[in-house]
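One structure is given below, encoded as structure tokens.
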Amino acid sequence: EAQVTQNPRYLITVTGKKLTVTCSQNMNHEYMSWYRQDPGLGLRQIYYSMNVEVTDKGDVPEGYKVSRKEKRNFPLILESPSPNQTSLYFCASSLVFETGSPYEQYFGPGTRLTVT
Amino acid sequence: TQLLEQSPQFLSIQEGENLTVYCNSSSVFSSLQWYRQEPGEGPVLLVTVVTGGEVKKLKRLTFQFGDARKDSSLHITAAQPGDTGLYLCARGGSNYKLTFGKGTLLTVNP
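Protein chains in written order, with the numbering used here: chain S, 1 to 116; chain X, 1 to 110.
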């Protein structure tokens, strides 16, 4: 089954404790992306990756790191989480048009993170 | 950041009614995607429109892309409770970024 998986689905942590949210896709997509979703602010792109070893900042990259060492995996790293990073996080993957515009995104089930 | 404005922000209607939601921008889209998100789940793609003036139909849902490729609409005919959800539009640019609107939260009451 074609899918994007994320782990963990729920996480409660404390300020400053480094954490990683994993994301994996089995569709051989070049493009992967992380989003956060907050009430009243919608879905905002954190980082994206056009292919292995190629990543770039989205609209809200501060406080986050990513890496793309393999095509299927795109982990999100919070080196020193803070309460304002409490949010619902989604990973997504897709193909890419020749123009550089991403095709339809396949989303993972989400990770609800609470930082106290 | 090139913003996408979605309206209305909230919409509550009775089963059987028709509705239209909108997605607008001040700049041209290279492509526009519509998604529906149900509580606790990730968004799921409904349709992608690429060509100005394009109209696509998905059962009771009709999607239209403006001629100037700066706006789009989603029309639902005879809404059903199963249509309840958050409807999001997203624009793709030529720089690999994807920008989402804040969405329209639709509630269809039985």
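C-beta: ideal position from N, C-alpha, C; glycine also.
As the structure is a prediction and not an experimental result, all values here were calculated from the model.
**Study point:** Reduced DSSP category for Asp-38 of chain S - H, G, I as helix; E, B as strand; rest coil
**Key:** strand
Review point. How big is the Cα-Cα spacing for Pro-75 of chain S and Glu-1 of chain S?
Key: 21 Å
Check your understanding: What residues of chain X sit near Pro-109 of chain S, judged by a beta carbon separation below 7 Å?
Key -> Glu-41, Gly-42
Check your understanding: Helix, strand or coil: which one does DSSP assign to Gly-82 of chain X?
Key -> helix
Point to revise | Cβ shell of Asp-11 of chain S (< 6 Å), same chain only, five flanking positions each side left out | key: Looking at the sequence provided, one finds Leu at residue 11 of chain S rather than Asp. Leu-113.
Review point. Would a check of beta-carbon distances place Gln-9 of chain X closer than 7 Å to chain S?
Key: no
Exercise for review: Output, in sequence order along the chain, the residues in the segment 5-31 of chain X whose CB is closer than 8 Å to any CB in chain S.
Suggested key: Ser-30, Ser-31
Point to revise | From S:Arg-9, S:Glu-62, S:Glu-79, S:Gly-42, residue whose alpha carbon lies closest to that of Thr-22 of chain S | key: S:Arg-9
Point to revise | Beta carbon proximity, Gly-53 of chain X to chain S, threshold 7 Å | key: no
Check your understanding: Helix, strand or coil: which one does DSSP assign to Asn-24 of chain X?
Key -> strand
Exercise for review: Please confirm whether any heavy atom of the ligand ZN lies closer than 6 Å to the CB of Met-50 of chain S.
Suggested key: Questions concerning the ligand ZN fall outside what the structure shown contains, since it holds no ligand whatsoever.
Check your understanding: At a cut of 8 Å, does the segment 37-46 of chain X reach the segment 15-24 of chain X through at least three beta carbon pairs?
Key -> no
Check your understanding: Is the segment 77-97 of chain X close to the segment 45-63 of chain S, with three or more CB pairs under 8 Å?
Key -> yes
Review point. Taking all protein chains shown into account, do 16 or more other C-beta atoms lie within 10 angstroms of the C-beta of Gly-66 of chain X, making it buried, or fewer, making it exposed?
Key: buried
Check your understanding: Is there a Cβ from chain S that is less than 7 Å from the Cβ of Lys-59 of chain X?
Key -> no
Review point. What are the partner residues of Met-27 of chain S, as DSSP defines its beta bridges?
Key: Answer is none; Met-27 of chain S lacks a bridge partner.
Check your understanding: Short check: CB of Gln-6 of chain S to CB of Gly-100 of chain S, under 7 Å?
Key -> no
Practice item. Report all residues from its chain with a CB closer than 6 Å to the CB of Ile-77 of chain S; omit the five preceding and five following residues, and keep chain order. Key: Thr-20, Lys-65
Review point. Quick one: what's got a C-beta closer than 6 Å to Val-61 of chain X's C-beta in the same chain, skipping five residues either side?
Key: The sequence given here has Leu at residue 61 of chain X, not Val. Excluding residues within five positions, the ones whose Cβ falls inside 6 Å are Ile-76.
Practice item. In angstroms with no decimal places, state the Cα-to-Cα distance between Met-117 of chain S and Gly-16 of chain X. Key: Chain S is shown from 1 up to 116; residue 117 of chain S falls before or after that span and cannot be answered.
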